[in-house]
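Single-structure report; data block below.
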Amino acid sequence: MSVTAGGDVDYETTGHGYATRRRADPRIAAAIHAALGDARNVLNVGAGAGSYEPADRYVLAVEPSARMREQRPPGAAPALRAYAESLPFDDDSFDAVMATITVHQWSDPMRGLAELRRVARAAVGVLTFDGDALDRFWLADYVPELIVAERRRYPRIAAIAAALGEGTEVAEVPIPVDCTDGFAEAFYARPEQLLDPRVRAA
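If you use our numbering, the sequence shown corresponds to residues 120 to 321, in order.
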């Protein structure tokens, strides 16, 4: 079976500075770690530079981009080159699986989510953006075309929940005003940062 990278970002050419600009925000990290429950071993799919991986349990990472894998810090969890849509693991291999701000970059999000469910014995935690809520983003007043383009990138929250199966809970995770993670929406109180080429590169 052949799987190619999806999404609209080529991380091999544009994924500069993730290790420094995309640092875990502790408040968002707390929500992710709570969703993992008491899992002792965790698979992180679409792991990037590993910013939200818990340090108090065993983690294995899956990341297709060599540039992202190169930016993982010393001592980070081992990272395999693989794709969400075709995970190289047996059924029920991990206590929990996490996927953080990644599903919109998968070539087939529903297939990827089915794979997460397949290899997890219990919890599957997915952190993503809600395309239907993007009108609340301040740039909607200034660049509505951006909101239209961004909305197309994100799978619907209801579709993600349905793919993960019965009993899936959906919780809103607020973006702190001083968020330390450098995704675009984190700069709503510091919009000038969006003009910084180092921020844009990450």
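Heads up, the beta-carbon is just placed ideally off N, CA and C, and yes, glycines get one too.
Every value quoted in this text rests on a predicted model; they were computed, and no experiment measured them.
Check: Contact under 8 Å by Cβ, Asp214 with Val238; Outcome: no
Check: Inside the stretch 257 to 298 only - alpha helix (DSSP H) runs reaching at least 4 residues; Outcome: 263 to 272, 276 to 283
Check: Secondary structure of Ala154, DSSP reduced to three states; Outcome: helix
Check: Classification of Arg317 by the beta-carbon crowding that lies within 10 angstroms, buried from 16 upward; Outcome: exposed
Check: Val161, enclosing beta strand (DSSP E) - first and last residue; Outcome: 160 to 164
Check: Residue interval of the alpha helix (DSSP H) (run including Ala303); Outcome: It is not in any alpha helix (DSSP H) - Ala303 carries neither H nor E in the DSSP assignment.
Check: Residue burial classification, Leu155 (beta-carbon count within 10 angstroms, cutoff 16); Outcome: buried
Check: Beta-ladder partner(s) of Ala185, from DSSP; Outcome: BP columns for Ala185 are empty, so no partner.
Check: Per DSSP, cross-strand counterpart(s) of Phe248; Outcome: Answer is none; Phe248 lacks a bridge partner.
Check: Distance CB(Ala168)-CB(Arg200) smaller than 8 Å; Outcome: no
Check: Rounded separation between Pro145 and Pro207 - CA only; Outcome: 30 Å
Check: Backbone CA spacing between Pro173 and Ala218 [nearest angstrom]; Outcome: 13 Å
Check: Under the three-state DSSP convention, the category Thr219 falls into; Outcome: strand
Check: Span of the alpha helix (DSSP H), counted from its first residue to its last, around Arg317; Outcome: 316 to 320
Check: N- and C-terminal bounds of the alpha helix (DSSP H) containing Glu234; Outcome: 228 to 238
Check: Ala321 to Gly284 span [Cα, whole Å]; Outcome: 33 Å
Check: Simplified DSSP assignment, three categories, for Ala149; Outcome: helix
Check: For Ile279 and Leu232, believed in contact at Cβ under 8 Å, the rounded distance; Outcome: 6 Å
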